Amino acid sequence: SMLLKAEFTHESHRDRSSGGSSSPSFDQLLSIYTPSYCRLLEIAAQSIALSPEVMLSSASLTDAIKDVRADWKEAVVDCCDVLTGNVCMTTLCAMMEGYIKQMSAGGSLQSVAPWCQIESVLETIQIVAPSVHSNDTTAVPQLISFISSLPKELHHLQVTSIVLLGRFSNWL
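One gets the working numbering by counting positions in the sequence shown from 1 and adding 5 to each.
Okay, here's the thing in structure tokens:
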């Protein structure tokens, strides 16, 4: 992910130093790369999903799971640096809404697997939280409301939600 960020920075620097006549402007680059960075953000969230067995367990996460999550954290931070925290938050909230609609349509609210996907998005939002503007009046209040309705019996989902609420304490 650092390579993607370095290329974006190199291209925008080249544009500024050359007067912008032959290369795209920073805003043009941003519009070109935004879909790719949004997709990278979605892939990061999907890649850190816990298995249903882990989600049902109350044991601490293994070092291997923590390492995978730490590796993906770097990519998420890079996405925030390029896209802004609010764009990342909007992307992740849309992703979570999609999972919720799938769960509701399929009647699988009792299944653990969809909650693994929700937990991974909430975990990714934790990483994005410091980059979200404190004047956000849409996503953060909806997210906090959603968190209060999560199932209590899924330990890791609850832990992730509690930590996430702490990350957004300046909105409470």
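C-beta: ideal position from N, C-alpha, C; glycine also.
Computed from a prediction, not measured in an experiment: that's the story for all the values here.
Local conformation of residue i per DSSP, three classes
i           : result
residue 137 : coil
residue 117 : coil
residue 153 : coil
residue 52  : helix
residue 1   : The question about residue 1 has no answer here: the residues shown for the chain are numbered 6 through 177.
residue 4   : Nothing about residue 4 can be read from this structure; the chain reaches only from 6 to 177.
residue 62  : coil
Whole-angstrom distance between residue j and residue i, CA atom to CA atom
i           : j           : result
residue 41  : residue 47  : 10 angstroms
residue 123 : residue 101 : 6 angstroms
residue 103 : residue 96  : 11 angstroms
residue 170 : residue 146 : 11 angstroms
residue 92  : residue 163 : 25 angstroms
residue 67  : residue 59  : 9 angstroms
Integer-rounded CB distance, given that residue j should sit under 8 angstroms from residue i
i           : j           : result
residue 130 : residue 82  : At roughly 13 angstroms, the Cβ-Cβ gap does not stay under 8 angstroms, so residue 130 and residue 82 are not in contact.
residue 54  : residue 153 : Contact flag wrong, Cβ pair sits at about 22 angstroms.
residue 38  : residue 87  : 7 angstroms
Exposed unless 16 or more other CB atoms sit within 10 angstroms - verdict on residue i
i           : result
residue 180 : Nothing can be reported for residue 180, as the shown portion of the chain is limited to 6 through 177.
residue 161 : buried
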